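For the sequence shown, the residue numbers in the working numbering are 5 to 418.
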Amino acid sequence: MSMMVCTLGVRMEVFVARQPILNTNKNVAYYELLFRANKENYYDEVDGDKATLDVITNSFTLIGMKNLTNGKRAFINFTEGLLLNETALLLPKDKVVIEILETVTPTARLVECCKKLKARGYQLALDDFVFKSDYEELIQLADYIKVDFLITKGEERKNIIKKVNNSNIKFLAEKVETIEDFNEAVNLGYTYFQGYFFSKPTILSAKEMPTSTLCSFELLKFLKEDTFRVDDIENVIKKNVALSYKLLKYINSATLGLRSEVKSIKQALVLMGKKELMKWISLVTIRDFSDTNSEAVMDISIVRAKFGEAIAEKINFKSRASEIFIMEMFSNIDVLLNQPMEQALVDLPLADDIKAALLGEENIFKFINDLIFYYENGDFRMLSECSRRLNISEKDISELYTQALEWATNIMNE
């Protein structure tokens, strides 16, 4: 999931991508911040270290780690130069994991710098690990070892753990593309996982929908009708204690900033209006699904929803912004239900053009969805193409994402 744009002295844009790292329960354990010095998605040989330092500084001071990682540690890539310059000591040790890139040469001086970090209480990770004898000293200092599953195949995935032979080190499988890869990594003894596997589920069996979720879907069906009937919607919500509680808690939260307390369901509905109520119901529904599923999916969905709504408003597509919010909220519904997207969308009261976009048909909704996906995953080549297509600047995209991330963090905390 991607982050922000900041500037250097010459106003050069710097991009950062944020990606979740999951545990065996598919909950978010950490985030990794992936730094890019330019839109071409690679480090500039001259400015790479400076760009990374600038992004680190702005990430901690402008956005704040609470919004950036919601209290979880952030894996941060470090070049050899930044390690030797002891840049990592500028960061709080309880907020980061220092990720040593595979391009680093384990010289005596570099090993001493890493020993100093360990002595100060920092955690270290070795990135894209391939077992080499000259890495032995760094292995002894490592808390995590990351293994690229696209490069490392077959028995070697298991042999790496055997060769390292250190029970204090946690192994992280990265670029895990499928649920089969995830299950294999778990069985081999990997503890953490990073990749797109939760976006490409194996179809197992359809999940029975919880009663509370059925109630939410009933409300969504009401809201698709042309007439907004407050009394009918009130009757549905009042039948469900949990929904009633959540509605009143939400409308009285700091997020909406009302001056006086709202104490009745009807008053809440009138104050919110149709579009805001649709957004709230989609939030509640995703939470119902996610109680027994991946926290990462809920996290991603909520950020996507606000991000998509903001993009729609920025490109003068405000009339459909609330629908785009819901489209992005349910963009992972196939994962949550363990169903093909086409089947999962049947019961969702979405417009035909939005359903078509989620099924891959090209239209403006698909273009917005693609832009969000490329931004999340730090694919800035494709992001540039999408931004031109939608006539929105990449600087605006990053600012909108930062705002969406802050909003989503507040929602999840509440």
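Glycine is no exception: its CB is placed at the ideal position from the N, C-alpha and C atoms.
Please read these numbers as outputs of a predicted model, since none were measured by experiment.
Bridge partner(s) assigned by DSSP for residue i
i, result
"K318", "Answer by DSSP bridge pairing: none, since K318 is not bridged."
"R22", "L37"
"F175", "I149"
"I102", "I80 and L128"
"F201", "Answer is none; F201 lacks a bridge partner."
"Y196", "L176"
"V32", "L26"
Test item: CB-CB of residue i and residue j under 9 Å
i, j, result
"N367", "D383", "no"
"R77", "V100", "yes"
"F334", "L363", "no"
"Y196", "N27", "yes"
"N29", "D303", "no"
"F371", "I328", "no"
"I269", "I306", "no"
"E238", "K283", "no"
"E90", "T107", "no"
"A412", "K310", "yes"
"G193", "I165", "yes"
"L275", "L287", "no"
Beta-carbon proximity list for residue i, same chain, < 7 Å, skipping 5 on both sides
i, result
"L121", "A92, I102 and L128"
"R324", "A316"
"A272", "L251, L252, I255 and V266"
"A146", "L128, A129, L130 and I173"
"M213", "Confidence is the limiting factor: at M213 the pLDDT is only 48, short of 50, which leaves the residue's position unreliable, though a coordinate-based value still follows. Nothing listed; no residue qualifies."
"K359", "L349"
Own chain, CB closer than 8 Å to residue i, minus 5 neighbours either side, in chain order
i, result
"P205", "Only weak support exists for where P205 lies, its pLDDT of 45 falling under 50; the value from the coordinates is given anyway. The residues are I183, D338, V339 and N342."
"F201", "V180, E181, T182, I183, D185 and F186"
"L227", "I237, K278, L281, M282, I285 and P353"
"C390", "F371, D374, L375 and Y378"
"I143", "L130, I149, V168, N170 and I173"
"K322", "A316"
"L88", "R113, L114 and C117"
Euclidean distance between Cα positions of residue i and residue j
i, j, result
"Y46", "G199", "Confidence is the limiting factor: at Y46 the pLDDT is only 41, short of 50, which leaves the residue's position unreliable and the question unanswerable from this model."
"V50", "L86", "In this predicted model, V50 has a pLDDT of only 41, less than 50, meaning its place in the structure is not dependable; the value taken from the coordinates is given anyway. Each residue's Cα considered, the two are about 13 Å apart."
"Q407", "K167", "45 Å"
"R233", "D152", "53 Å"
"T215", "L224", "Confidence at T215 is low in this model, with a pLDDT of 46, below 50, so the placement of that residue should be treated as unreliable; the coordinate-derived value is given next. If I take the Cα positions, the gap works out to 14 Å."
"T289", "K157", "39 Å"
"N170", "D132", "18 Å"
"K150", "K162", "13 Å"
"E410", "S257", "15 Å"
"Y126", "E116", "14 Å"
"S248", "N31", "28 Å"
"P96", "L105", "20 Å"
"N81", "C219", "45 Å"
"K119", "I25", "25 Å"
"L94", "I330", "40 Å"
"E365", "F135", "44 Å"
"L349", "R113", "57 Å"
"E346", "E332", "15 Å"
"A189", "N244", "41 Å"
"P344", "E160", "33 Å"
"I415", "A361", "26 Å"
"N191", "S137", "26 Å"
"D235", "S264", "23 Å"
"N320", "S326", "13 Å"
From the options, residue whose alpha carbon lies closest to that of residue i
i, options, result
"K174", "R161, Y148, Q23 and V134", "Y148"
"P110", "N74, I241, Y139 and Q271", "Y139"
"L380", "Y405, E160 and L176", "Looking at the sequence shown, residue 380 is not Leu but Glu. The shortest C-alpha separation from E380 is found at Y405."
"A33", "F135, A300 and S248", "A300"
"D98", "L114, Y194, F79 and L105", "F79"
"I401", "R308, N414, S326 and Q347", "R308"
"N395", "K318, A112 and R291", "K318"
"F221", "E141, R291 and R392", "R291"
Residue i Cβ short of 8 Å to the ligand MN heavy atom set
i, result
"A314", "Although the ligand MN was asked about, the structure shown includes no ligands whatsoever."
Cut-off 6 Å between Cβ atoms - residues of its own chain near residue i, not counting five sequence neighbours on either side
i, result
"M386", "Y378"
"E141", "V115"
"R393", "F371"
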